[in-house]
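Residue numbers in the first sequence follow our numbering, run continuously in steps of one, and reach 850 at the last position.
The C-beta atom is built at its ideal place from N, Cα and C for all residues, glycine as well.
Structure record follows, encoded as structure tokens.
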Amino acid sequence: MGIKDLSQIDFNEHLNPEQFEAVNTLYGPVLVIAGAGSGKTRTLVYRVARLIEEGVDPESILLLTFTRKAAHEMLKRASELVGPKSHLVSGGTFHSFCYSQLRTYCRVLDYPSNFTVLDRRDIEDILGLLAEELGLKKETARFPKKSALASIYSKKRNCMKDCLWVLKRGYAHLTHLAPILEALFDAYQKYKRRHALMDYDDLLINWKTILKNYPEIQEAVSRRFNFIMVDEYQDTNRVQAELVRLMAYTHDNVMAVGDDAQSIYSFRGANFKNILEFPELFPGTRIIKLEKNYRTHQPNLDCTNAIIANAQEKFAKRLVAVRSGGRKPLFYEALDENDQAEFVVSRIKDFILKGVEPSEIAVLFRASFHSFQLEGLLNRYGIKYVKRGGLKLLEGAHIKDLLAFLRIILNPVDRLSVLRVFTLIPGLGEKGVQRIYEAMIKVDDPLKAVAEFKTKAKWHQPLKELVHRLLAIKEKDLGLSDLLKGLTSIYEPYLTDRFPDDYPRRLQELNELSLIAGAFEDPGEFLTEVALDPPDEEETYGKGDAVCLSTIHSAKGLEWKVVFIISLVEGRFPSPMALERDEDLEEERRLFYVAATRAKDVLYFVAPRLVNVSGGGVVPGKRSRFLDEIPPGLFEIWGNKSRRFNTPGKQELTTPEPVKVGGNGFRVGLRVRHQVFGPGTITKVIDNEKVAIDFDVVGSKIINTQVAKLSKI
DNA sequence: ATCTAACCTGTTTTT
DNA sequence: CAGGTTAGAT
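Here it is as structure tokens:
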């Protein structure tokens with residue numbers, strides 16, 4: 138296959154020889170194994186450009202990845218390079234792609250084409266409901282929580298194994314429940330079918346079933362998408378690998394790009410071994426390795442290479458930096474979590490003063506609650522930040538309330554939504570709604586049945602009014618956007634009641650949701666979109682220049698000039714849940730590797746020496762084993778003891794204010810003893826309730842004198 | 001006796 | 001924010 142004239146782009150000039158080779162392998166299966174920061178997505182995008190330039194129809198190109206963010210990034214860069222033609226290229230996450238295919242073809246499975254996609258919460262709630270209905274909770278002591286049920290279910294389906302298999306790995310204490318869980322999941326499958334619902338796993342598996350059982354559909358799809366490319370292949374699981382195999386069966390024009398060292402999604406069935414199996418799935422695969430790193434400099438790279446060198450199974454790969462210069466990563470051992478937060482904040486302020494854009498700074502952590510303390514401090518200093526991976530807009534109670542209203546309009550016997558909406562009425566709870574619901578499912582017009590429901594309870598009248606308002610709005614037959622606005626006005630009194638402190642903010646969010654909804658005509662499609670691709674806060678609020686706080690999982694594929702990785706102590710990172718099995722610990726190490734490779738210029742490791750535990754006490758922590766694994770000399774240790782009294786951040790916090798005496802006699806300079814933290818000195822009286830105290834052992838804390846027991850010394 | 005509302009605590013990671 | 005628990009309301 139000769140290369141035609143490269144009239145538009147000089148590929149050779151913009152790519153190194155390995156990338157060039159990958160880009161120019163236009164036909165047949167290709168596996169690109171590439172390290173962090175080596176230009177993986179770039180390679181993929183250039184191949185799209187190359188194909189189009191070759192005369193390939195853009196509509197026959199399909200780009201797939203696992204995460205929304207990676208998909209978004211990939212398509213954005215494609216449109217930058219290729220221009221308007223890139224809009225004809227199909228692509229997105231596996232889930233959204235399967236959804237669009239199922240809309241067209243799911244009738245062969247006896248599903249209506251307007252099925253709804255469940256989000257995680259729905260799945261958990263339905264499982265919980267069914268478990269209760271089947272009486273499993275009463276029968277079985279220590280029945281797993283519904284979140285665990287959902288995880289077991291999803292793993293079972295993603296790995297294509299039975300319950301016992303899943304329970305044996307990871308839920309060993311529950312193996313006796315295997316038959317019971319099979320029955321529960323059976324009931325769940327039936328429930329979904331009855332209500333025309335699919336969950337995330339159904340999207341993939343149902344589409345796979347169709348491809349497998351309907352050769353004419355498989356043929357049509359395979360001919361339509363003549364070039365399939367998968368980014369972040371290490372994140373795919375067996376089901377996704379088979380989907381690709383099935384869809385490419387007429388042509389084998391598949392390029393998979395991935396890094397086995399960055400596989401961090403095994404909890405949902407992704408397996409880095411998948412990448413090893415690719416050549417088996419596609420005989421004759423050409424394997425290309427990318428080992429040049431464009432993101433960072435050699436000292437950082439030496440350190441990250443050392444982190445991943447401790448992994449037990451991996452492709453041999455040693456990244457070499459293209460950039461020169463640079464400084465070793467720094468490790469700061471903070472006194473406690475408060476000092477950790479103060480250190481990070483003071484460094485952030487410093488960088489911003491030096492002219493670093495806040496959006497070029499990120500703080501990464503294992504689990505989203507690790508950043509609580511830091512968030513408080515950032516708020517106090519007025520530093521703008523966005524948090525990724527934590528609470529999503531969708532998870533706010535008010536958003537869920539409004540969506541429940543919408544669902545009732547669309548389907549009055551949606552049990553979860555009925556429960557959610559009707560319990561908003563004071564005095565009406567779970568049991569009451571249950572009785573109403575039973576009356577609803579017996580008749581043709583469920584909402585009317587509610588209006589006519591007979592009871593002496595005091596909630597009767599408010600319920601009737603609510604239902605009348607819902608019926609009235611339903612009759613108007615409004616567009617989706619107006620419908621949501623109308624529902625918001627019905628919901629508003631309950632909203633102000635439920636959230637007296639911050640309802641204006643929540644109302645604002647609801648209005649934004651109505652605006653987003655304006656882009657959809659079909660309400661079912663809107664609900665699916667919200668489940669599959671929830672609008673994230675950053676886009677919604679358009680906060681431009683803010684520091685990024687992120688879980689490591691949500692940081693994958695992104696990069697910043699300055700990166701802090703915090704809470705590198707045992708018990709936090711690696712996560713205690715991952716200590717039991719070797720494979721889990723290996724994954725935690727890869728996670729650490731992903732975090733450390735996000736930095737372009739400056740990389741900080743931070744660990745507190747004392748760790749807050751639940752209940753309010755502190756215990757001595759041990760620095761994370763992953764830090765100890767790194768050979769000494771590959772990072773610098775920072776923090777002589779005097780630092781904490783010299784940094785600007787610390788100064789501002791501890792400089793005594795003009796003496797102000799709190800209502801209870803506490804004043805600056807007073808020596809006090811705290812039940813848990815021991816002796817300390819009051820440095821600031823904030824108001825009648827709160828004082829700042831510099832404890833002799835654990836450093837500064839804000840203490841509420843109404844809650845904590847303080848005695849004067 | 002039955003149900004609701006208020007309180008307390010403990011949180012992995014994603015589609 | 002949700003699950004479990006419990007005090008208090010009906």
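Quick one: grab the DSSP three-state call for residue i.
i	result
R360	helix
T784	Unreliable positioning characterises T784 in this predicted model, as indicated by a pLDDT of 34, which lies under 50. The coordinate reading is nonetheless provided below. Of the three classes helix, strand and coil, the one that applies to T784 here is coil, per DSSP.
I520	coil
G770	coil
S687	strand
Y741	strand
L168	strand
F502	strand
P563	coil
I702	strand
N447	coil
A654	helix
K429	strand
G679	Low confidence applies to G679: its pLDDT is 45, below 50, so where it sits in the model is not reliable, and the reading given next is rough at best. G679 falls in the coil class under three-state DSSP.
R455	coil
F157	helix
L790	For L790, the predicted model reports a pLDDT of 26, less than 50, meaning its position is unreliable and no value from the coordinates is stated.
H434	coil
A594	coil
R258	helix
Y183	helix
Give me the Cβ distance between residue i and residue j, rounded to the nearest whole Å; I'm assuming they're in contact under 8 Å.
i	j	result
L438	L427	About 14 Å separates the two Cβ atoms, so there is no contact after all.
I852	V381	The structure shown does not extend to residue 852, since the chain is modelled only from 138 to 850, so the question has no answer here.
I578	V558	16 Å between Cβ atoms; not a contact.
L168	P416	6 Å
E696	R432	6 Å
D473	P745	5 Å
G228	L201	6 Å
G661	L547	7 Å
A692	A499	7 Å
Y164	T441	At roughly 35 Å, the Cβ-Cβ gap does not stay under 8 Å, so Y164 and T441 are not in contact.
Q371	A407	7 Å
Using DSSP's beta-bridge definition, name the partner residues of residue i.
i	result
W697	A736
W775	Y469
S227	L199
I412	None; I412 has no bridge partner.
M392	V167 and M366
R423	V167
L334	T253
P757	L747
R525	S687
A208	BP columns for A208 are empty, so no partner.
A215	Bridge partners of A215: none, in fact.
N374	A407
Enumerate in chain order the residues of its own chain whose CB-to-CB distance from residue i is below 8 Å, with the five nearest sequence positions on each side excluded.
i	result
Y183	I146, F148, H151, L152, Q156, V160 and L218
D682	E494, P495, S496 and K521
P281	I289, Y308, L311 and L314
Y539	Position check: residue 539 holds Leu in this sequence, whereas Tyr was assumed. Counting only Cβ-Cβ distances below 8 Å, and skipping sequence neighbours, we find L621, L624, T625, Y628, L647 and L650.
G861	The first residue shown for the chain is 138 and the last is 850, placing residue 861 beyond what the model contains.
Apart from the five residues on each side of it in sequence, which residues of its chain come closer than 6 Å, Cβ to Cβ, to residue i?
i	result
T625	L647
L467	Y741, E773 and W775
E676	The pLDDT assigned to E676 is 47, lower than 50, so where the model puts this residue is not dependable; a value taken from the coordinates is nonetheless given after this. Excluding residues within five positions, none has a Cβ falling inside 6 Å.
A173	T734
W344	C235, Q238 and L239
Please list, in chain order, all residues of the same chain as residue i whose beta carbon is under 7 Å from its beta carbon, the five residues on each side excluded.
i	result
Y574	R552 and V555
T792	For T792, the pLDDT reaches just 24, beneath the cut-off of 50, and the residue's location in the model is therefore unreliable, although a value from the coordinates is still provided. Closer than 7 Å at Cβ, skipping near neighbours: no residue.
P249	A333
Touch test, the segment 605 to 625 against the segment 511 to 522, Cβ-Cβ under 8 Å, three pairs minimum: no
The segment 729 to 749 contacting the segment 531 to 539, beta-carbon criterion three pairs below 8 Å: no
Touching by the beta-carbon criterion (3+ pairs, under 8 Å), the segment 320 to 332 and the segment 209 to 228: no
Touch test, the segment 352 to 361 against the segment 385 to 399, Cβ-Cβ under 8 Å, three pairs minimum: yes
Inter-stretch contact (C-beta, 8 Å, three-pair minimum) for the segment 762 to 773 and the segment 706 to 716: yes
Cβ contact (3+ pairs, closer than 8 Å) linking the segment 397 to 410 and the segment 232 to 245: no
Stretch-stretch touch, CB-based, cutoff 8 Å, three pairs: the segment 338 to 346 with the segment 283 to 303: yes
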